[in-house]
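Asker:
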Amino acid sequence: MAFDFYLSTMWSVLKALPLTLEIWFFGIAFGLLIATGLTWLRASGYKLGEYFTRAYVFIFRGSPLLVQLYLIYFGLSQFDFVRHSPILWPILRDPMYCTIVAMALNTAAYESEIFRGALRAVPVGQIEAAKAFGMSAFTRFRLVTLPIALRLALPAYSTEIILMTKATALASVVTIMEMMGTAQKIQHDTFRPIEVLTCAGVIYLLLNLSIARLFAWVEYRLSPHLRPPPEQSQQIRPVPEVL
Amino acid sequence: MEFLNDLKDQVSTAYELLAAGWGVQLLWGIAWTLAVTVVSMLIGAVLGSLVAAAKLSHRGGLRFIGESYTTVFRGEPELLIIYLFYYGGTQVLTGVARSTGSIGSTDILNMPSFLGGVLAVGIISGAYQAEVFRGSFLAIHRGELEAARAYGMSAWLRFRLVIVPQVLRLAVPGLGNVWQLTIKDSALISVTGVAELMLTANKAARSTHHSLLFYTVAGILYLVMTSVSTPIFEKAERYTSRSFTRPK
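Protein chains in written order, with my numbering: chain A, 1 to 243; chain B, 1001 to 1248.
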């Protein structure tokens, strides 16, 4: 009986997984686009760009995502021009799109800081060497700065992606029936919150653990130069310390 | 020009609404948000130090418990944990009260919303604080612990005189981050009905139909809270590391 209940709950919540993943994917994809723009503005050297990104990061990191979501979903529709706009209104009246917009704007603030840090952490020597080779600014960026920075950004980026998985649950407060919303509904129908939320929790945890695993694997593949040398190379005489 | 007039109208409506009592309500909301955050941080500090100790333990079983705690409570959506403590707490309380006969078999004993929310946010905060404390402990110079041992200090004395002061000093910046996170998480417990800032803004937005105004005000108030705490933690950091500054 109890086992059947767990099984059927698990199945109902799992059926909402595609919707959760949809919000997750589009939130991350648009967030990445905005973050790239912000990082570029910040790194461009224009004072105005720097002030704008600073203000952006301050606002979106300093307030809860829930406030941002409500502001976008309930607040923006008060503007007449939003309601009469043929482009904005179809987006902003739909809770699903609003969640995606809020998540993308929010994660972009965190990600742009991650990318900024990663760009700054690229060793100067590498860039100087590229310059000495006579690489153009674009080639230098494409072949030296970007690959190194991306690898450096990866650990913090994976944390941000996991935060995004958790943030998809907020869609349930604006009536989206993703995993959290579905779990809420079953919980209200059956009044067995502990069992229902445990089922949903297991799915969220497995999802996050697999995302973390995936990123760990990518990181491992991208950093062969940081791994300890394989066993047989220890027979080679170590380089003297004086070098 | 039309835009300016519109803006002037907006500002005067905002002023009227805030002066009509919503302003005071929002101030109470801030007070509750701060109360939730402070109590959650304290619960988190107790749990976090225990979990950090478990994660640093030599015993595999304790380490496993500590690891699971931080993995689960940092990996689950905050909303789910809040629902679990609020509705789950209600389920447990009702079950216990029904079986002891203190309420009728169809009555429901609700979890106090403040307690449920604070426990949930505190437990999440504890998972992040555990990582901060663990990192700070690992940053203590090994030689100091060995020296303390060589002096013949007991485990308790080492803990009190060598470990705690240094962990606290090293943990200040990390705790500042967790504090900000906890302020933001506290907005989520509006779903359980604690009259903190988010719920107050919600109520105001629904009853006056000025959602843009009230959510903007709430957003600004959250920004004020998070940005005011930054210099406070910076000052605390300077204070606790005052004997470590380089001479100029």
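The C-beta atom is built at its ideal place from N, Cα and C for all residues, glycine as well.
With distances taken Cα to Cα, identify the nearest neighbour of E50 of chain A among A:T9, A:S112 and A:A102.
Answerer: A:S112
Asker: V1072 of chain B CB to nearest chain A CB: under 8 Å?
Answerer: Judged by the 8 Å Cβ criterion, V1072 of chain B is in contact with chain A.
Asker: Taking beta-carbon pairs under 9 Å, can you tell me which members of the stretch 164–177 of chain A lie near chain B?
Answerer: T165, K166, A167, T168, A169, L170, S172 and V173
Asker: According to DSSP, is R1160 of chain B helix, strand or coil?
Answerer: Correct three-state label for R1160 of chain B: helix.
Asker: Please identify the residue among A:A156, A:G125, A:A167 and A:R116 whose C-alpha is closest to the C-alpha of A35 of chain A.
Answerer: A:R116
Asker: Determine, using beta carbons only, whether S63 of chain A comes closer than 8 Å to chain B.
Answerer: yes
Asker: Quick one: Cα of L1223 of chain B to Cα of S63 of chain A, how far?
Answerer: 6 Å
Asker: Using beta carbons (cut-off 8 Å, strictly below), is F5 of chain A in contact with chain B?
Answerer: Cβ-Cβ to chain B under 8 Å: no for F5 of chain A.
Asker: Is any beta-carbon of chain B found at less than 8 Å from that of P193 of chain A?
Answerer: yes
Asker: Name the chain A residues that come within less than 7 Å of E1078 of chain B, Cβ to Cβ?
Answerer: What E1078 of chain B touches in chain A: K166.
Asker: What is the DSSP secondary structure of M103 of chain A, reduced to helix, strand or coil?
Answerer: helix
Asker: Using a beta-carbon distance cut-off of less than 9 Å, what residues from the stretch 1161–1190 of chain B approach chain A?
Answerer: Q1180, I1183, K1184, D1185, S1186, A1187, L1188 and S1190
Asker: Where does L14 of chain A sit, in a helix, a strand or coil, going by DSSP?
Answerer: helix
Asker: How long is the line joining the alpha carbons of I1081 of chain B and A1120 of chain B, rounded to whole angstroms?
Answerer: Cα to Cα, the separation comes out at about 6 Å.
Asker: Restricting to Cα atoms, I'd like to know which of B:S1229, B:V1228 and B:H1210 is closest to E1016 of chain B.
Answerer: Nearest of B:S1229, B:V1228 and B:H1210 to E1016 of chain B, Cα basis: B:H1210.
Asker: Could you work out which residues of chain A lie near S1125 of chain B, taking near to mean beta carbons separated by less than 7 Å?
Answerer: None at all; the shortest Cβ gap to chain A is about 14 Å.
Asker: Output the distance between the C-alpha atoms of R120 of chain A and L71 of chain A, rounded to the nearest integer angstrom.
Answerer: Taking the Cα positions, R120 of chain A is about 34 Å away from L71 of chain A.
Asker: What's the gap between the Cα of Y220 of chain A and the Cα of N1005 of chain B?
Answerer: Straight across, the Cα-Cα distance linking Y220 of chain A with N1005 of chain B is about 59 Å.
Asker: Could you tell me which whole alpha helix (DSSP H) segments of length 4 or greater appear in the stretch 1028–1069 of chain B?
Answerer: none
Asker: Could you tell me whether any Cβ in chain A is nearer than 8 Å to the Cβ of G1251 of chain B?
Answerer: The structure shown does not extend to residue 1251 of chain B, since chain B is modelled only from 1001 through 1248, so no value can be given for it.
Asker: Please classify L243 of chain A as buried or exposed, where buried requires at least 16 neighbouring CB atoms within 10 angstroms.
Answerer: Only weak support is given to the placement of L243 of chain A: the predicted model assigns it a pLDDT of 49, under 50, and the question is left unresolved by the model.
Asker: Is the beta carbon of F1137 of chain B closer than 8 Å to that of A1054 of chain B?
Answerer: no
Asker: For I211 of chain A and V122 of chain A, I'd like the C-alpha separation in whole angstroms.
Answerer: 26 Å
Asker: Give me the Cα-Cα distance between R1149 of chain B and H1141 of chain B, rounded to the nearest whole angstrom.
Answerer: For R1149 of chain B and H1141 of chain B, the distance between alpha carbons rounds to 13 Å.
Asker: Which residues in chain A sit within 7 Å of A1195 of chain B, going by Cβ to Cβ distance?
Answerer: Result: empty, since nearest Cβ-Cβ is about 16 Å, beyond 7 Å.
Asker: I'd like the span of the alpha helix (DSSP H) that includes R93 of chain A, first residue to last.
Answerer: Premise fails: R93 of chain A is in no alpha helix (DSSP H) and is neither H nor E.
Asker: Give the range of the alpha helix (DSSP H) segment to which Q1091 of chain B is assigned.
Answerer: E1078 to T1100
Asker: Given a limit of 7 Å on CB to CB distance, which residues of the stretch 1195–1213 of chain B reach chain C?
Answerer: The structure shown contains no chain C; its protein chains are A and B.
Asker: What number of angstroms, rounded off, separates the C-alpha of I1189 of chain B from the C-alpha of A132 of chain A?
Answerer: 57 Å
Asker: Residues of the stretch 1079–1097 of chain B with a CB closer than 7 Å to any CB of chain A: list them in chain order, please.
Answerer: L1079, L1080, Y1083, L1084, Y1087, G1088 and Q1091
Asker: I believe G1122 of chain B touches G1044 of chain B by the beta-carbon criterion, under 8 Å. Please report the beta-carbon distance rounded to the nearest angstrom.
Answerer: 5 Å
Asker: Mind checking the stretch 196–208 of chain A against chain B and listing, in chain order, the residues whose C-beta falls within less than 7 Å of any C-beta there?
Answerer: For the stretch 196–208 of chain A, residues whose beta-carbon sits nearer than 7 Å to a beta-carbon of chain B comprise L197, A200, G201, Y204, L205 and N208.
Asker: On the criterion of 16 or more Cβ atoms from any shown chain inside 10 Å, does I100 of chain A qualify as buried, or is it exposed?
Answerer: buried
Asker: Counting only the same chain and skipping the five closest in sequence on each side, list residues whose C-beta sits under 6 Å from that of L154 of chain A.
Answerer: Excluding five sequence positions before and after L154 of chain A, the CB atoms of its chain that fall closer than 6 Å to its own CB belong to E219, given in chain order.
Asker: Check L243 of chain A in the structure and name its three-state DSSP category.
Answerer: For L243 of chain A, the predicted structure reports a pLDDT of 49, less than 50, and the residue's modelled location is therefore unreliable. A value from the coordinates is still provided. Of the three classes helix, strand and coil, the one that applies to L243 of chain A here is coil, per DSSP.
Asker: Among A:L206, A:P228 and A:K166, whose alpha-carbon lies nearest the alpha-carbon of I23 of chain A?
Answerer: A:K166
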